[in-house]
Structures are given as C-alpha cells and as structure tokens.
Amino acid sequence: HFTLQLVGARDRASVDKFVRQHGIAQPYAVFERELNGRPWYSLVAGDYPNRDAAVTGRARLPASLPTKDIWPRTFGSIHELLK
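If you read the sequence shown in our numbering, its first letter stands for residue 14, the second for the next number, and so on.
If you want it as structure tokens, here you go:
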C-alpha cells in the first residue's frame with residue numbers, strides 16, 4: 014500500500030500548522046525519525062492500494078497544496094525508517 018508524503022519539517026509545530034492551514038483531513042499521520050542527527054517530522058495522508066492510485070489521489074488534493082513537492086511512498090518504506 015501507498016500513502017502521500019505531504020510535507021517534512023524539523024519541528025512538529027510546523028507540520029501541525031501545515032495541517033491546520035491546508036485543512037488536511039483524516040486519515041493522516043505524522044511520524045518522527047532522525048535525519049542528520051536531528052529530529053525530522055513527516056506528514057503522510059491517505060491509503061492507496063498502489064502507486065497509480067496514489068498519483069491519482071495527489072491530483073485530487075486541494076489546489077492550495079504544492080503538489081510538485083508531494084510524493085507517493087510505500088508504508089513499507091516508512092516502517093523501514095522507523096526501525
């Protein structure tokens with residue numbers, strides 16, 4: 014399964030602000046990992062059966078979102094980061 018990574022930031026407050034500003038609806042999740050020795054927070058949204066469905070989902074996001082910076086990723090890739 015795939016999801017869409019909407020944004021990443023060094024602090025959780027920036028991600029929470031992005032959610033509020035753009036009215037991101039559930040299902041979404043914020044996960045924390047370490048990047049270059051510092052915390053990094055990523056916002057992912059949606060659950061799609063395959064990459065094509067995720068790309069189609071990206072095209073349906075609100076126009077206020079910078080879709081060129083939004084990319085599909087597998088849940089497996091996220092699980093690997095969090096190990």
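Even glycine gets a Cβ: it sits at the ideal position worked out from N, Cα and C.
Per DSSP, the unbroken beta strand (DSSP E) holding Gln18 starts and ends at Phe15 to Ala22.
Gly59 has its alpha-carbon roughly 13 Å from the corresponding atom of Asp65. Distance from the Cα of Gly36 is smallest, within the candidate group Pro75, Glu45 and Pro79, for Pro75. Membership of Arg73 in any alpha helix (DSSP H) is not indicated, and neither H nor E is assigned to it by DSSP. Annotation for Leu95: no alpha helix (DSSP H) segment contains it, and DSSP assigns it neither H nor E. Look at Gly50 here: in three-state DSSP terms it is coil, with no helix or strand label. Boundaries cannot be given for Asp82, as no alpha helix (DSSP H) includes it and DSSP labels it neither H nor E. A Cβ-Cβ contact shorter than 9 Å links Ser55 with Ile91.
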